[in-house]
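Here is the structure we will look at, set down as structure tokens.
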Amino acid sequence: MFQFPDLPFVSAHYSTDFKLRFFATQAFEAVFCFVLEAGRLKARNQLLALAEAHEQAARTDELTGLANRRDMQQRLASEFSRYQRTGRHFSIALIDLDLFKDINDRFGHDAGDAVLCQFAQQLTSLTRQSDHAARWGGEEFLLLLPDTSLLQALTLAERLRARVASARFEFKGRTLPVTLSAGVCSMAKTDTLEDLLRQADQHLYNAKAAGRNRVHPRVRSSVAPV
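Add 21 to a position in the sequence shown, counting from 1, and you land on the number used in this note's numbering.
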């Protein structure tokens, strides 16, 4: 309309000053809208990142960086649902660091925290990508092993026990004595998640009662894969 005032149905005529002010206004509006949209997208991305960080924090143990009990309970429920749909078995290992209170009492709680962190590194370095490790509470850890038979889970737990027993746990130049006991159970041996956790806890108790630094039930050649 500005450039071709003689077009049909165009009867208005505009001064050069009006045209300049009109185009300047349009340019300002375009830039202003761009800045607003960029700010909106930036704020949205920041909110999404913050929400993701909060969700991650809610599912992660702050000290060790492993999953926390809440997250593991959700993973157990999900794995149990998969087992009910497909019949694919899984196993768990409930792990406890032996005489951990003595470490805190003798060397201090900072030393105990260092042991927990170093053990978490040992745990994650030995497990598969499909496995899930969590700090179950205090010095207890739970290992979820999908598509794993009882014998395979016992073998993994024994490898972890031997590695921890031979590893050097250090804090401020001092070597700390660390061993573990573990109770292992397969879903094939139980009917519910509650029974699975209860049996693993009983096996852990048996390992402690038998002298610690061991896995229960013991690996025997007569044990057949589930």
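Ideal Cβ placement from N, Cα and C applies to all residues, glycine included.
Nothing here was measured: the structure is a model prediction, and the numbers come from that model.
Taking its Cβ as the centre, do 16 or more other Cβ atoms sit within 10 Å of Gln220, making it buried, or is it exposed? Start at 1 with the first residue of the sequence shown, and residue 220 comes out as number 199. Flag for Gln220 reads buried.
Looking at the structure shown, is Gly204 part of a helix, part of a strand, or coil, going by DSSP? For this step, residue 204 is matched to residue 183 along the sequence shown. Correct three-state label for Gly204: strand.
Chain-order list of residues whose beta-carbon lies under 6 angstroms from that of Val244 (same chain, five-residue window excluded): Stepping through the sequence shown from its first residue, residue 244 is reached at position 223. Low confidence applies here, because Val244 scores a pLDDT of 40, under 50, leaving its location unreliable and the question unanswered by this model.
Same chain, Cβ closer than 7 angstroms to Val247, five either side skipped, listed in chain order: Against the sequence shown, residue 247 aligns to sequence position 226. Caution applies to Val247, whose pLDDT of 37 falls short of 50 and renders its modelled position unreliable; the value that the coordinates give is listed next. Cβ contact annotation for Val247 (same chain, cutoff 7 angstroms, sequence separation greater than five): His110, Ser170, Leu171, Ser207 and Ala209, in chain order.
When burial is assigned at 16 or more other CB atoms within 10 Å of the CB, is Ser242 buried or exposed? By 1-based counting over the sequence shown, the position of residue 242 is 221. Interpretation of Ser242 is limited by its pLDDT of 43, a score under 50 that renders its predicted location unreliable; the figure taken from the coordinates is listed afterwards. Exposed is the call here.
Terminal residues of the continuous alpha helix (DSSP H) containing Arg184? Translated into the one-based positions of the sequence shown, residue 184 becomes position 163. For Arg184, the enclosing alpha helix (DSSP H) stretches over residues Leu171 to Ser187.
With DSSP run on the structure shown, which of helix, strand or coil describes Arg149? By 1-based counting over the sequence shown, the position of residue 149 is 128. Note: Arg149 maps to coil in three-state DSSP.
Bounding residues of the alpha helix (DSSP H) (the contiguous stretch that carries Ala114): The residue labelled residue 114 in the question sits at position 93 within the sequence shown. For Ala114, no alpha helix (DSSP H) segment is defined; the enclosing uninterrupted segment is the beta strand (DSSP E) at Phe111 to Leu118.
Excluding five sequence neighbours on each side, which residues of the same chain lie with their C-beta closer than 7 angstroms to the C-beta of Asp119? Stepping through the sequence shown from its first residue, residue 119 is reached at position 98. For Asp119, where only same-chain residues beyond five positions count, the Cβ hits under 7 angstroms are Thr200, Leu201, Ser202, Arg233 and Asn234.
Taking Leu217 as part of the beta strand (DSSP E), name the residues at either end of that continuous run. Locating residue 217 in the sequence shown gives position 196, where the first residue counts as 1. Per DSSP, Leu217 belongs to no beta strand (DSSP E); it is in the alpha helix (DSSP H), Leu214 to Ala230.
How would you write the range of the alpha helix (DSSP H) that Leu97 sits in, first residue to last? As a working mapping, residue 97 is identified with position 76 in the sequence shown. Where Leu97 is concerned, the enclosing alpha helix (DSSP H) stretches over Arg90 to Thr107.
Can you grab the Cα-Cα spacing for the pair Lys229 / Arg189, in whole Å? For the purposes of this step, residue 229 is taken as residue 208 along the sequence shown, with counting starting at 1. For the purposes of this step, residue 189 is taken as residue 168 along the sequence shown, with counting starting at 1. Using only the alpha carbons, I get a separation of about 22 angstroms.
With a threshold of 16 other CB atoms inside 10 Å of the CB of Arg195, please say whether the residue is buried or exposed. The residue given as residue 195 occupies position 174 in the sequence shown. With fewer than 16 other CB atoms across the displayed protein chains lying within 10 angstroms of its CB, Arg195 is exposed.
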